[in-house]
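There are 4 protein chains.
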Amino acid sequence: MTESVKVKVKLGENNYGKADVQLFKVYRGTPRHRIRDVNVRVALTGDFGAAHKGGDNTGLLATDTVRNTIYGLAKEGFAGSVEEFGQELLAHFVRVGPKVTGGFAEFTEHLWERLPGADDQGHDHGFVRQMPKHTVRVETSDGQSFKVTSGIEELSVLKTTESGWAGYLLDERFTTLPESTDRIMATVVTAKWEYAAETCDYDDVWQRAYDQVQRTFTDHYSPSLQHTLYRLGEAVLGACPEMSRIWFQLPNRHHLKYNLERFGLENDNEIFHVDPEPYGLMEAWIERA
Amino acid sequence: MTESVKVKVKLGENNYGKADVQLFKVYRGTPRHRIRDVNVRVALTGDFGAAHKGGDNTGLLATDTVRNTIYGLAKEGFAGSVEEFGQELLAHFVRVGPKVTGGFAEFTEHLWERLPGADDQGHDHGFVRQMPKHTVRVETSDGQSFKVTSGIEELSVLKTTESGWAGYLLDERFTTLPESTDRIMATVVTAKWEYAAETCDYDDVWQRAYDQVQRTFTDHYSPSLQHTLYRLGEAVLGACPEMSRIWFQLPNRHHLKYNLERFGLENDNEIFHVDPEPYGLMEAWIERA
Amino acid sequence: MTESVKVKVKLGENNYGKADVQLFKVYRGTPRHRIRDVNVRVALTGDFGAAHKGGDNTGLLATDTVRNTIYGLAKEGFAGSVEEFGQELLAHFVRVGPKVTGGFAEFTEHLWERLPGADDQGHDHGFVRQMPKHTVRVETSDGQSFKVTSGIEELSVLKTTESGWAGYLLDERFTTLPESTDRIMATVVTAKWEYAAETCDYDDVWQRAYDQVQRTFTDHYSPSLQHTLYRLGEAVLGACPEMSRIWFQLPNRHHLKYNLERFGLENDNEIFHVDPEPYGLMEAWIERA
Amino acid sequence: MTESVKVKVKLGENNYGKADVQLFKVYRGTPRHRIRDVNVRVALTGDFGAAHKGGDNTGLLATDTVRNTIYGLAKEGFAGSVEEFGQELLAHFVRVGPKVTGGFAEFTEHLWERLPGADDQGHDHGFVRQMPKHTVRVETSDGQSFKVTSGIEELSVLKTTESGWAGYLLDERFTTLPESTDRIMATVVTAKWEYAAETCDYDDVWQRAYDQVQRTFTDHYSPSLQHTLYRLGEAVLGACPEMSRIWFQLPNRHHLKYNLERFGLENDNEIFHVDPEPYGLMEAWIERA
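Chains as they are written, first to last, in my numbering: chain A, 19 to 307; chain B, 19 to 307; chain C, 19 to 307; chain D, 19 to 307.
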């Protein structure tokens, strides 16, 4: 082991808070209950140098206090969207924390549908969990103005035809993949977007974005996942004037046609191996021109 | 380290095969495609002593051959249910493996719904993945008769009221939990069942079981997860005469009412902490009387 | 949806209890602390029919009480091994639960080594976590006699040579794998064993088994993972007279030689793709002859 | 569903490539083999507008080609550190990709120790996997100059005493946590650092950083995880003049003293519940002054 010598150091960018707070709220004003099921992270920024350097905790909010506050404010507030609740939280921490000047809050909301009920409106207080998630990030540097980002996670879609990959660079030494004009395209959509509007009906925007992604995925022959990404962005921005821009991360979950010819069998795009790793990965922002 | 001395040993119960084979089949006879997306494990049993003791691989099916076979037979067969495909696979391995006498096949089927299409019948070749899974286990000791088990996994349900836990043993030294007649009940259903019928429409049975679980979960005040388990079993057996018995594993995903009274706030079953660990866990078979 | 008709059912085999209880005990009698870090599941069996059928919880231990008891008894007892603590727990539950007649307890112990200290004995109260785990299962049907099983999990080992796979069945239609006499062998050892002795120094047996597995894995040319499994069993039984038999589950974590010849490059067992799925999977009991 | 109207959009920041490529290299020049086991992601940036907008793939490197290249260059190069291999890869892609101008490569290296051998130097070709990981990120905008970041992941450490949390803000409405001057401190270290040096012995720097983190964690009474974070940074920078700054993310894995007083038992810091969620989370850069 090499020894460490004494050197002059200073604190750079930093934050602290509580992560993986599991908050569940029931709105029970009427027999037809509504619920919110969110994983919360709150990270505070501010004047925390004395704590880091000297071990002086004076004026620090304990992360346990941060946790209690999330539950307490969820009772007093959280009447509307998760996006608005994030702003309520951060405004509060800047107000009560003597050393807090800003921070960010991140949410992953689990989505639940109503279980079947007596009629086709679904059950009043029974729910079944869905796979896709709603994500939110709210950020502030003063506790008064906020940057809001929302998104979709774990929306897993595929189409069994109307997709290909051809016309790419074939003369590179390491290229072995044959071109294809009929393959399976499968991906797990992660999206996030920023807002042009100061404020808006965040839940309604999310629903429109979610609908457009599902409809646009199949409305064209896809020459590449990059092109489909672009079309998804175009369609969502077209349906959501409240958005300024949208980002997608799309893994190409490769469904590889299994080589059955070795066994004297034809494989007319029927039998595939789903390769868990590696995968193509595309990331891009689509913005208003 | 203590040395190992030479002792006389023998081979006991054993099997080998291939696990986590990701098979995807597209049924494209018409423009309206159907799909099967299954994770497969095949384990073979038989006369494998020479391989274990002497390192003699004569007559052994390679696990790579097992994998190829799964894809090859999926092309030639797999016209019906996963349960039937499991029987096709095992019958084949007993037939072609000189030392194979039996084995088991396990499947986890990922379920996909159709994406929205032009009408309300859903898209012809676009799909979106659902959370619950369909499980299957087929077992044989001769390649000719089979024991089939089917099941449900990752069906996550909750109800916000009509559940309690009271009347239990209060005089035990370590009891601190207060009784409740209004709490959240949340669980992630794992079920598996055996069949009375020699053969049946396995997919239809699964759908009936899945429907009954979702409907029965909310059709009563639940005094305990154990009682709800029993009622689920009763309802599924009532809807599925093909079943002989059914097993459930139900974790009690505790939603703990957060103590807001410390902050001068009332908590009328509105604000909960979802505790990831530990959890109550109930397991039981429900059988025909 | 098909309706459910009323049918006669009864309760079959069943149990309930608490899972994923995270217990951490510090032994601080001297400045040189020792620790135990265990994940605990306790499942009780007994006369639970009234709770299941009628929703009558009379005399039932709450799973919350089960949890409290685990922590309470860890304070009063848990002086020795995890295997002995499992027996203390089950004996207690049979004693205090009016309807409990037996059950099982399962443990996953996280292993920690001492951080570096002033001398080479390691630090007195600082620890760093290791990857392998120690597993235990204790079972009873009367609270007085116990069946104990111990094991190893997540011991990931590999060797870069001295392993092959040849001489297997080549004339099967679906065989495409070429034979090899020099490949990488990689596996993640899961083992569990039963005891011949009524009682013994469980921690010492575990350490001997763990040492033997690590030494035996490399002491021979391996013609198959099945043969290596057999030799591991033989060596551990030779070092541990307290054991009656031992079971291994060994996945074959395939390291596939990457086809570089396509690019005009030789691959003399140097460059491999580690395939996450699928994998060969071997399971066997090795027993005293 | 709301319809999407046609709007003008453009492509913003974007990249594409291959992720989760599992590369394993054996250095077998002598009987004493060495290994590298890395998960690789390569993301390319450049002029990809035509592919996104028009579906024109001309001149694009397929992600399959990216994968092949990683294995091919690992054979031809990768003689030194992972950090240097990352530069070789990116330089290559800028050279051969007509539309590629830059990108980044990310690596997670799995660490293996030698299994026990004949003497105390460890086995020549047998290895056992360790828990901590070595991470690397290399970035370029021209294929010629590179920004390198290295790090540590999943180093799980704890100390059973010499840690507390006191003196913090107590008059906030939501504060309920009592002060403590003797608690367990447990964390899972994630670190990453940037280099002041143009080039250096990256493996040696990593080893020094890893040693310092393990030694510094226990060399002081910790009044907060923030202060320990600062001391870790100071010590590593003192041992590694090649580094310009270092970032840590430290979750506070809360070990909560279990309330045994309710059962008439004292708990003198002996019995703890390890709470999986939520957890305090601290992030900070420590930089040279």
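Quick reminder that beta carbons are idealized off the backbone N, C-alpha and C, glycines included.
| Asked | Found |
| --- | --- |
| Per-residue DSSP class, three states only, for C:Leu274 | strand |
| B:Asp221 versus B:Thr158 - alpha carbon distance | 21 Å |
| CA-to-CA distance, A:Val56 to B:Phe290, given in whole angstroms | 11 Å |
| Min CB distance D:Leu299 to chain A below 7 Å | yes |
| Test: A:Phe192 CB closer than 7 Å to a CB of chain C | yes |
| Partners in chain B for D:Pro294, counting only beta-carbon separations shorter than 7 Å | Pro294, Glu295 |
| Residue-level contact to chain C via CB, A:Phe281, 7 Å cutoff | yes |
| Identity of the residue in A:Glu124, A:Val175, A:Leu176 nearest A:Arg155 by Cα | A:Glu124 |
| Where the beta strand (DSSP E) containing A:Val112 begins and where it ends | Careful: A:Val112 lies outside any beta strand (DSSP E), inside the alpha helix (DSSP H) at 100-114. |
| Nearest candidate by alpha-carbon position, reference B:Ala214, set B:Leu176, B:Leu247, B:Phe164 | B:Phe164 |
| Rounded straight-line distance, which links the Cα of D:Thr208 to that of D:Ser174 | 9 Å |
| Cutoff 7 Å: D:Ile289 Cβ touching any chain A Cβ | no |
| Buried versus exposed call for D:Tyr239 [16 or more other C-beta atoms within 10 Å across all chains shown] | exposed |
| contact_flag[the stretch 194-213 of chain A, the stretch 249-268 of chain A] where n(CB pairs < 8 Å) is 3 or more | yes |
| For A:Gly35 and A:Leu62, believed in contact at Cβ under 8 Å, the rounded distance | 5 Å |
| Neighbouring residues, chain D, relative to C:His272 (Cβ below 9 Å) | In chain order: nothing, as chain D lies at least about 11 Å away. |
| Buried versus exposed call for C:Arg226 [16 or more other C-beta atoms within 10 Å across all chains shown] | buried |
| Selection from D:Arg50, D:Leu78, D:Lys275 that minimises the alpha carbon distance to A:Asp189 | D:Leu78 |
| DSSP-derived helix/strand/coil call for B:His152 | strand |
| Residues, ordered as in the chain, of the stretch 219-244 of chain D that lie near chain A by beta-carbon distance below 7 Å | Arg226, Asp229, Gln230, Pro241, Ser242, Gln244 |
| Members of the stretch 108-125 of chain C near chain B, C-beta cut-off 8 Å | Val114, Gly115, Pro116 |
| Of the residues A:Gly144, A:His128, A:Val114, the one placed nearest A:Pro49, counting alpha carbons only | A:Gly144 |
| Nearest residue (CA-CA) to B:Gly47, options A:Ala302, A:Gly72, A:Pro296, A:Asp286 | A:Asp286 |
| Any C-beta of chain B under 7 Å from that of C:Ile304 | yes |
| Beta-carbon proximity check, A:Thr119 vs A:Gly182, cutoff 7 Å | no |
| 7 Å Cβ cutoff, A:Met203 in contact with chain B | no |
| Neighbouring residues, chain D, relative to A:Ala253 (Cβ below 9 Å) | Ser22 |
| Nearest residue (CA-CA) to A:Asp293, options A:Ile88, A:Tyr89, A:Gly95, A:His273 | A:His273 |
| Inter-residue Cα distance where the pair is D:Arg54 and D:Lys43 | 5 Å |
| Validate contact between the stretch 227-236 of chain A and the stretch 252-261 of chain A using beta carbons, cut 8 Å, 3 pairs | yes |
| Unbroken beta strand (DSSP E) run spanning B:Thr205, endpoints | 203-213 |
| One or two residues paired with A:Asn33 in a DSSP bridge | D:Glu301 |
| Cut-off 7 Å between Cβ atoms - residues of its own chain near D:His128, not counting five sequence neighbours on either side | Asp55, Arg147, Lys151 |
| Contact with chain C by B:Gly90, beta-carbon distance below 7 Å | yes |
| Chain-order list of residues whose beta-carbon lies under 7 Å from that of D:Cys258 (same chain, five-residue window excluded) | Val223, Arg226, Ala227 |
| Limits of the beta strand (DSSP E) - the one that B:Lys177 falls within | 165-177 |
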